[in-house]
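J.: Sharing a structure, written as structure tokens. Questions coming.
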Amino acid sequence: MSSDFLPFTRPSIDEETIAAVAEVLRSGWLTTGPKAKEFEAALSAHCGGRPVRVFNSGTVTMETALRLAGIGAGDEVITTPLSWVATASVVLTVGAKPVFVDIDPVTRNIDLERIEGAITPRTRAILPVDVAGLPVDRDRLYSIAGNHRLRVIEDAAQAFGASWHGQPIGSSGDFVSFSFHPNKNITTGEGGALVLPADVDPALCERLRLQGVRRFGEDGMDVDVLGGKANLTDIAAAIGLGQLKHLDEFTARRRDLARRYFELFDRTRGCELPLEDFDNSNWHMFQVLLPSDCNRGHFIAAMRERGIGIGVHYPAIHLFTLYRKLGYQEGDFPEAERVGRQTVTLPLFPAMRHDDIERVCNAMSDVLKSAV
């Protein structure tokens, strides 16, 4: 691949963080240990002092939250069809049923006005997603949940560093799940974190994270719940600590680059731009909807020929074969289907320059012009 190829995302890892990882490697303590504890404490401080536990993915954090909430066979969880498939698959993993609700075409998040119509006697929780880092309306979300005595598991995988009315996402609410995958705003290589509500015992969360094991005394061990293997290594935690120091800088840079996209984008080419939110969104991704008559595959290939990487986030979950087997079909959620067909993710990461944005916008305009 050419050295001037512009990917849709790339993590920024500084030399101090690389040195910290080397220090962990030299220490001989590679798995969960002091660095993981330090990372949890730093994340807790970011989240207003709430208990936070780190995991090896942002998928298992959601699964663990569902288990901690007591959700299982026969239960229903309301969620969005427009997300990475893990959002719905964790519901199936615990034996419950995902119940999809279409999206708001403006925010591209779950349409909160449609949720109450999907609630049944079996509904136990709402699992919303902050798509591209734009937060779901937390006031309306928790009003609905409170009125119907439902748990909330926030899939905030894309929203670390975002805020709601000036408060960081994760500093309030019920369960809040973050991802630190390499394409997220901060990364641990692979990893995630779960912010816990006051009615959940963090020690139980830890046992679910590591095979149900409880230790006591010098040599005591017991297993009282069925746990998994989902702990975060100290190697990964060292990366996370280094990344967390730059969170404000990364977020400010992403917002600056997003503003540049709005300034330079050729609005005559029939694309739909995202909602311009510079108060709450962390601008995890900059996504546009291509014109309905544009072949997305051809567009991606043409942009790649110009040295620009384009992402696709996300196809509508309910149209995957696994979910069609559950009875979902095309036409069930038209807004999610439309966005899933037409969305493209443009390059956006802190190391980009303003002239990179200009390059992307010019290339898009040329490709879309030639497609007409």
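Just so you know, the sequence shown maps onto residues 15 to 386 in my numbering.
Cβ coordinates follow ideal geometry from the N, Cα and C atoms, glycine included.
Predicted model only: the values in this text are computed from it and were never measured.
Just reading off the alpha helix (DSSP H) that SER103 is part of, what are its end residues?
T.: Numbered from 1 along the sequence shown, position 89 holds the residue referred to as residue 103. Segment 100 to 107, the alpha helix (DSSP H) holding SER103.
J.: With DSSP as the reference, label MET235 as helix, strand or coil.
T.: Locating residue 235 in the sequence shown gives position 221, counting from the first residue. Note: MET235 maps to strand in three-state DSSP.
J.: Which residues in the same chain have their Cβ closer than 7 Å to the Cβ of LEU164, if we skip the five residues on either side of it in sequence?
T.: The residue you call residue 164 lines up with position 150 of the sequence shown. In the same chain as LEU164, and ignoring 5 residues on each side of it, the C-beta atoms closer than 7 Å to its own belong to THR137, ARG138, ALA139, ILE140, in chain order.
J.: Suppose you measure from the CA of PHE347 to the CA of ALA330; what does that come to, to the nearest Å?
T.: Translated into positions along the sequence shown, residue 347 becomes position 333. Translated into positions along the sequence shown, residue 330 becomes position 316. Going from the Cα of PHE347 to the Cα of ALA330 covers about 9 Å.
J.: List the endpoints of the continuous alpha helix (DSSP H) containing THR45.
T.: Taking the sequence shown and counting its residues from 1, the one referred to as residue 45 is at position 31. Counting along the chain, THR45 falls outside any alpha helix (DSSP H), and DSSP gives it neither H nor E.
J.: Report the rounded CA-to-CA distance for ASP380 versus THR107, giving the unit in angstroms.
T.: In the sequence shown, counting from the first residue as 1, residue 380 sits at position 366. In the sequence shown, counting from the first residue as 1, residue 107 sits at position 93. Their Cα atoms are separated by approximately 45 Å.
J.: When you compare the CB positions of VAL68 and SER58, do they come within less than 8 Å of one another, or not?
T.: Looking up residue 68 in the sequence shown gives position 54. Looking up residue 58 in the sequence shown gives position 44. It is not a contact, given that the beta carbons lie outside the stated cut-off.
J.: From GLY242 to ARG122, what does the alpha carbon distance come to, in whole angstroms?
T.: On the sequence shown, residue 242 is found 228 positions in, with the first residue counted as 1. On the sequence shown, residue 122 is found 108 positions in, with the first residue counted as 1. Between the alpha carbons of GLY242 and ARG122 lies a gap of roughly 33 Å.
J.: From this set, THR93, ALA79, THR101, which residue's C-alpha is nearest ILE117's C-alpha?
T.: As a first step, residue 117 is located in the sequence shown; it is residue number 103 there, counting from the start. Minimum Cα distance to ILE117 is reached at THR93.
J.: Reducing DSSP to helix, strand and coil, say where GLY256 ends up.
T.: Looking up residue 256 in the sequence shown gives position 242. GLY256: helix per DSSP, three-state reduction.
J.: For THR265, does the count of other Cβ atoms within 10 angstroms reach 16, so buried, or fall short, so exposed?
T.: Taking the sequence shown and counting its residues from 1, the one referred to as residue 265 is at position 251. The residue is buried, with at least 16 neighbouring Cβ atoms inside 10 Å.
J.: Under 8 Å between the Cβ atoms of THR23 and ASN197?
T.: Counted from its first residue, the sequence shown places residue 23 at position 9. Counted from its first residue, the sequence shown places residue 197 at position 183. It is a contact, given that the beta carbons lie within the stated cut-off.
J.: Return the CA-CA distance between SER191 and LEU208, expressed in angstroms with no decimal places.
T.: The residue given as residue 191 occupies position 177 in the sequence shown. The residue given as residue 208 occupies position 194 in the sequence shown. Distance between the alpha carbons of SER191 and LEU208 is about 5 Å.
J.: Ordered along the chain, which non-local residues of its own chain (more than five positions away) have a Cβ less than 7 Å from that of ASP18?
T.: Translated into the one-based positions of the sequence shown, residue 18 becomes position 4. Counting only Cβ-Cβ distances below 7 Å, and skipping sequence neighbours, we find GLY321.
J.: Pick out the complete alpha helix (DSSP H) segments inside the segment 293 to 348, 4 residues or longer, and give them in chain order.
T.: Segments of the alpha helix (DSSP H) lying fully in the segment 293 to 348: 310 to 319, 335 to 338.
J.: Considering only the beta carbon of each residue, do GLY256 and SER71 sit closer than 8 Å?
T.: To locate residue 256, count along the sequence shown from 1; it is residue 242. To locate residue 71, count along the sequence shown from 1; it is residue 57. No, the Cβ-Cβ distance between GLY256 and SER71 is not below 8 Å.
J.: Relative to the C-alpha of ALA173, which candidate in THR202, ASP188, HIS312, VAL145 has its C-alpha closest?
T.: Counting from 1 along the sequence shown, the entry for residue 173 is found at position 159. The shortest Cα separation from ALA173 among THR202, ASP188, HIS312, VAL145 belongs to VAL145.
J.: Restricting to Cα atoms, I'd like to know which of VAL302, VAL374, ARG269, ARG338 is closest to GLU319.
T.: Residue 319 sits at position 305 when you count from the first residue of the sequence shown. Closest by alpha carbon: VAL374.
J.: Check whether the segment 78 to 91 touches the segment 208 to 225, counting contact only when three or more Cβ pairs, one atom from each stretch, lie closer than 8 Å.
T.: yes
J.: Which of the three DSSP states, helix, strand or coil, is assigned to SER186?
T.: If you number the sequence shown from 1, residue 186 lands on position 172. Three-state DSSP puts SER186 in coil, outside helix and strand.
J.: My understanding is that VAL38 touches ILE200, with C-beta atoms under 8 Å, so please give their C-beta distance in whole angstroms.
T.: By one-based count along the sequence shown, residue 38 stands at place 24. By one-based count along the sequence shown, residue 200 stands at place 186. Not a contact, Cβ separation roughly 18 Å.
J.: Is the number of C-beta pairs between the segment 271 to 278 and the segment 148 to 166 that are closer than 8 Å three or more?
T.: no
J.: Pick helix, strand or coil for GLN181, following the three-state DSSP scheme.
T.: Here residue 181 is taken as the residue at index 167 of the sequence shown, counted from 1. Residue state, collapsed to three classes: strand.
J.: Spatial neighbours of GLU220 within its chain, please: CB distance less than 6 Å, with the 5 preceding and 5 following residues excluded, ordered by chain position.
T.: For this step, residue 220 is matched to residue 206 along the sequence shown. So the list is empty, once near-sequence residues are dropped.
J.: Given a cut-off of 8 Å, decide if VAL166 and TYR156 are closer than it, judged by their beta-carbon atoms.
T.: Residue numbering aside, residue 156 sits at position 142 when the sequence shown is read from its first letter. Residue numbering aside, residue 166 sits at position 152 when the sequence shown is read from its first letter. In this structure, VAL166 lies closer than 8 Å to TYR156 by Cβ.
J.: Rounded to whole angstroms, how far is the Cβ of ARG281 from the Cβ of LEU362, which I believe are closer than 8 Å?
T.: For the purposes of this step, residue 281 is taken as residue 267 along the sequence shown, with counting starting at 1. For the purposes of this step, residue 362 is taken as residue 348 along the sequence shown, with counting starting at 1. ARG281 to LEU362, Cβ: 18 Å. No contact.
J.: Do you know whose CA, among LYS111, GLN301, ASP370, lies nearest GLU290's CA?
T.: Residue 290 sits at position 276 when you count from the first residue of the sequence shown. Measuring from the Cα of GLU290, the nearest candidate turns out to be GLN301.
J.: Is the beta carbon of SER185 closer than 8 Å to that of ARG64?
T.: For the purposes of this step, residue 64 is taken as the residue at position 50 of the sequence shown. For the purposes of this step, residue 185 is taken as the residue at position 171 of the sequence shown. Contact flag set, yes.
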